[in-house]
Amino acid sequence: MANRKFTAVLNKKIESGKVMNALAHMTAGLVGNSQKIDEMGVIDYADKDGGPHIASKHPFIILKADNSNKIRTLREAAREKGVEFASFTQAMTVGTWEEQMAASTATTESDLEYYGICLFGEKSVVEE
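Take the sequence shown: its letter number 53 is residue 53 in the working numbering, and every next letter is one higher.
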């Protein structure tokens, strides 16, 4: 289990507030939907006073991609290799979550603008 890592790749063309929002949603989605939750190494780094500080013991690397197409290519590679991932697109930024789902469903994958992708898996595979 020690050879696992999280990696997020964020579209550098998206403003920082929007891309950080995307990162939060992707991370929550990845963890919440994971079939490997036990492997994610979530632990309590309790302080001396017993206060909880919950985080993963695995590395979480954040990288930048030049554009949406780079993230699209990475997403396809993750799918091919069986790496768990969550992605976030522009369609997920409009209105309510119901409107976001409708916008996503109405958009072909090739027309989606990717804000980012968050991956979790074997360190050697994710680094590849």
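The C-beta atom is built at its ideal place from N, Cα and C for all residues, glycine as well.
As the structure is a prediction and not an experimental result, all values here were calculated from the model.
Own chain residues within Cβ distance below 6 angstroms of residue 115, not counting five before or after: 11, 14, 19, 22 and 88
How many angstroms separate the CA atom of residue 47 from the CA atom of residue 56? 16 angstroms
Can you give the beta carbon distance from residue 74 to residue 9, rounded, assuming they're within the 8 angstroms contact cut? 6 angstroms
To the nearest whole angstrom, what separates the beta carbons of residue 119 and residue 94, a pair I think is in contact under 8 angstroms? Actually they do not touch by this definition, with Cβ atoms about 25 angstroms apart.
Counting along the chain, where does the beta strand (DSSP E) carrying residue 43 start and finish? 42-44
Specify, as a first and last residue, the run of the alpha helix (DSSP H) that residue 103 falls within. 97-105
Which residue marks the beginning of the alpha helix (DSSP H) containing residue 89, and which one marks its end? Taken as a continuous stretch (DSSP letters only), residue 89 belongs to no alpha helix (DSSP H), being part of the beta strand (DSSP E) at 84-89.
In whole angstroms, what is the alpha-carbon distance linking residue 104 and residue 49? 46 angstroms
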